[in-house]
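Visitor: Residue numbers (the numbering used here): 5 to 342.
Glycine included, every Cβ here is placed at the ideal spot set by N, Cα and C.
This is the structure I want to talk about, given as structure tokens.
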Amino acid sequence: MNIEARVGVAVDGAQSVVDAGTMSLSQKQPQIKPQAHFGIVENLLAGGIAGAFSKTCTAPLARLTILFQLQGMHSEAAVLSRPSLWREASRIINEEGFRAFWKGNLVTVAHRLPYSALNFYAYEKYNKFFYSNPVLQSYIGNASSSPFVHFVSGGLAGITAASATYPLDLVRTRLAAQRNAMYYQGIGHAFRTICRDEGLLGLYKGLGATMLGVGPTLAINFAAYESMKSYWRSHRPNDSTLIVSLGCGSLAGVASSTATFPLDLVRRRMQVEGAGGRARVYNTGLLGTFKHIFKTESIRGLYRGLLPEYYKVVPGVGITFMIYESLKMLLSPPAPYT
């Protein structure tokens, strides 16, 4: 009886130690909350609203960027011998009125809703593909934290979204580029006029430059954003998600715009040439356009409008990521604990 009692006490004591150890470990390791399911509709809605809201907020700077990019292309467009952001903004207010800053914004929103929705949705899908692909993971390791995966996923997502919505982007550029002479009277009229004057392929002018520009832009954008967000979170885990998204998104926008701005400038010029019955300026394709701009305007010509571009992307990209992350948290149903 005494032996049985001692064994019982020993067993009970050991069990208590095990239970205490288990409890101690569970207290040290916080419970991981299952990730809420984010459906297709929620993903598309969050991405579309984020992009449209951001573009509307930064529309005046976007129009200034386009006008600066097109200076030097035609003699009548080169109004400013020494471009000044504030002088050009004053000219728009005096000659066209304050509302002219949002000229073409309706088509911008019409373009940005599907473009941004597809962009974020495709990015999530490409990421998921890389995460679940054992062959790729064997080469790159942990895909969920690999900047390379974010870079490739962002580039592919940008190309996918841009290809699907390119005609709206071209019409948006044409409407924003108009000054006093209103050749296009609206979205529908612009589509009909371009198809009549330039054929159906006219809606895809500059698509090659767009693919070359959008791919690297979004690749750098997403890779820089995810990397900076991860770094920020590792050092300041308690900071607000909105602040982190806004800050990292703004810095990512600066990085991507600096790297790919010349391609964006060439794309804009190729989209606009031939508009309104004007004579064609560039007849040698993408590389020929680069050479022509470099020869006639020097290297500075390839970065014409970079300053308003910075003013635009710092809040623009930051707002996009901030709204997207906020809507993800708002639209995602709460995940039950298991």
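Under a three-way DSSP split, which group does Val270 fall into?
Guide: The residue labelled residue 270 in the question sits at position 266 within the sequence shown. Residue state, collapsed to three classes: helix.
Visitor: Out of Leu68, Tyr125, Glu277 and Leu311, which one is the CA nearest neighbour of Glu202?
Guide: Position 198 of the sequence shown, counted from the first residue, corresponds to residue 202. The shortest C-alpha separation from Glu202 is found at Glu277.
Visitor: List the residues that DSSP assigns as beta-bridge partners of Gln141.
Guide: Translated into positions along the sequence shown, residue 141 becomes position 137. None; Gln141 has no bridge partner.
Visitor: Tell me whether the region 116-131 and the region 45-55 touch, counting them as touching only if at least three CB pairs, one residue from each stretch, are closer than 8 angstroms.
Guide: yes
Visitor: Classify Gln189 as helix, strand or coil using the three-state DSSP reduction.
Guide: The count along the sequence shown starts at 1 and reaches residue 189 at position 185. It is coil, neither helix nor strand.
Visitor: Based on Cα-Cα distance, which residue from Gly43, Glu46 and Ser58 lies nearest to Gly322?
Guide: One-based indexing of the sequence shown puts residue 322 at position 318. It is Ser58 whose Cα lies nearest to the Cα of Gly322.
Visitor: Closest to Gln73 by CA distance: which of Pro312, Ser231, Phe105 and Val318 is it?
Guide: In the sequence shown, residue 73 corresponds to position 69, counting from 1. Checking every option, the nearest Cα to that of Gln73 belongs to Pro312.
Visitor: Okay, do the region 227-239 and the region 168-179 touch, 3+ Cβ pairs below 8 angstroms being the bar?
Guide: Judged by Cβ distances under 8 angstroms, the region 227-239 makes no contact with the region 168-179, as fewer than three pairs qualify.
Visitor: Quick check on Gln275: does DSSP put it in helix, strand or coil?
Guide: Along the sequence shown, read from residue 1 onward, the residue named residue 275 stands at position 271. Reduced to three states, the DSSP call for Gln275 is helix.
Visitor: Mind checking whether Val210 and Gln275 have CB atoms under 7 angstroms apart?
Guide: Residue mapping note: residue 210 aligns to position 206 of the sequence shown, counting from 1. Residue mapping note: residue 275 aligns to position 271 of the sequence shown, counting from 1. The amino acid at residue 210 is misidentified as Val; the sequence shows Gly. The criterion of a C-beta distance shorter than 7 angstroms is satisfied by Gly210 and Gln275.
Visitor: For Ser261, which residues in the same chain have their Cβ closer than 6 angstroms to its Cβ, ignoring the five residues on either side in sequence?
Guide: Along the sequence shown, read from residue 1 onward, the residue named residue 261 stands at position 257. So the list reads Glu313 and Val317, once near-sequence residues are dropped.
Visitor: Does DSSP classify Gln73 as helix, strand or coil?
Guide: On the sequence shown, position 69 is the one that residue 73 refers to. In this structure, Gln73 counts as helix in the three-state DSSP scheme.
Visitor: Would you mind giving the Cβ-Cβ distance between Arg271 and Gly305, rounded to the nearest angstrom? I have them listed as a contact below 8 angstroms.
Guide: Locating residue 271 in the sequence shown gives position 267, where the first residue counts as 1. Locating residue 305 in the sequence shown gives position 301, where the first residue counts as 1. Going by Cβ atoms, the distance from Arg271 to Gly305 rounds to 14 angstroms, so no, they are not a contact pair.
Visitor: On the three-state DSSP scale, how would you describe Leu335?
Guide: Position 331 of the sequence shown, counting from 1, holds the residue named residue 335. Three-state DSSP puts Leu335 in a helix.
Visitor: Among Phe265, Gly162 and Arg196, which has the Cα closest to the Cα of Tyr125?
Guide: Here the question's residue 125 lines up with position 121 in the sequence shown. With distances taken between Cα atoms, Tyr125 lies closest to Gly162.
Visitor: For a test of the three-state rule: what should DSSP assign to Thr342, helix, strand or coil?
Guide: Within the sequence shown, numbered from 1, the residue matching residue 342 stands at position 338. Reliability of the predicted coordinates at Thr342 is poor, the pLDDT of 46 falling under 50, and no value is obtained from them.
Visitor: Give every residue of the same chain whose Cβ lies closer than 7 angstroms to the Cβ of Ala165, excluding the five residues on either side of it in the sequence, and list them in chain order.
Guide: Here residue 165 corresponds to residue number 161 of the sequence shown, with the count starting at 1. For Ala165, where only same-chain residues beyond five positions count, the Cβ hits under 7 angstroms are Tyr119, Leu122, Asn123 and Ala126.
Visitor: Quick one: what does DSSP say Pro241 is sitting in, helix, strand or coil?
Guide: Your numbering for residue 241 matches position 237 in the sequence shown. Correct three-state label for Pro241: coil.
Visitor: Go ahead and label Ser157 buried or exposed: buried means 16 or more other beta carbons lie within 10 angstroms of its beta carbon, across all protein chains shown.
Guide: As a position in the sequence shown, residue 157 is number 153, starting the count at 1. Buried.
Visitor: Determine the direct distance from the alpha carbon of Thr214 to that of Leu267, and round the result to whole angstroms.
Guide: The count along the sequence shown starts at 1 and reaches residue 267 at position 263. The count along the sequence shown starts at 1 and reaches residue 214 at position 210. Distance between the alpha carbons of Leu267 and Thr214: 8 angstroms.
Visitor: Could you tell me whether the region 127-136 touches the region 186-199, using the rule of 3 or more Cβ pairs below 8 angstroms?
Guide: no
Visitor: Along the alpha helix (DSSP H) that carries Phe298, what are the first and last residues, could you check?
Guide: Along the sequence shown, read from residue 1 onward, the residue named residue 298 stands at position 294. Element bounds for Phe298: Gly289 to Gly305.
Visitor: Look at the alpha carbon of Val111 and the alpha carbon of Ala180, and state the distance between them as a whole number of angstroms.
Guide: By 1-based counting over the sequence shown, the position of residue 111 is 107. By 1-based counting over the sequence shown, the position of residue 180 is 176. If I take the Cα positions, the gap works out to 10 angstroms.
Visitor: Measure the alpha-carbon distance for Ala40 versus Ala168 and round it to whole angstroms.
Guide: The sequence position of residue 40 within the sequence shown is 36, counting from 1. The sequence position of residue 168 within the sequence shown is 164, counting from 1. Its pLDDT being 46, under 50, Ala40 is placed unreliably by the model, and nothing is read from it.
Visitor: Under a Cβ-count criterion, where at least 16 other Cβ atoms within 10 Å of its own Cβ denotes burial, should Ser254 be classed as buried or exposed?
Guide: Here residue 254 corresponds to residue number 250 of the sequence shown, with the count starting at 1. Result: buried.
Visitor: Nearest to Arg116 by alpha carbon, out of Ala66, Thr221, Ala56 and Ile96?
Guide: Taking the first residue of the sequence shown as 1, we reach residue 116 at position 112. The residue with the shortest Cα to Cα distance from Arg116 is Ala56.
Visitor: Let me make sure I understand the geometry here. Which of Leu335, Glu329 and Ala259 has the alpha-carbon closest to that of Ala227?
Guide: For this step, residue 227 is matched to residue 223 along the sequence shown. Selected option, being the one with the closest Cα: Ala259.
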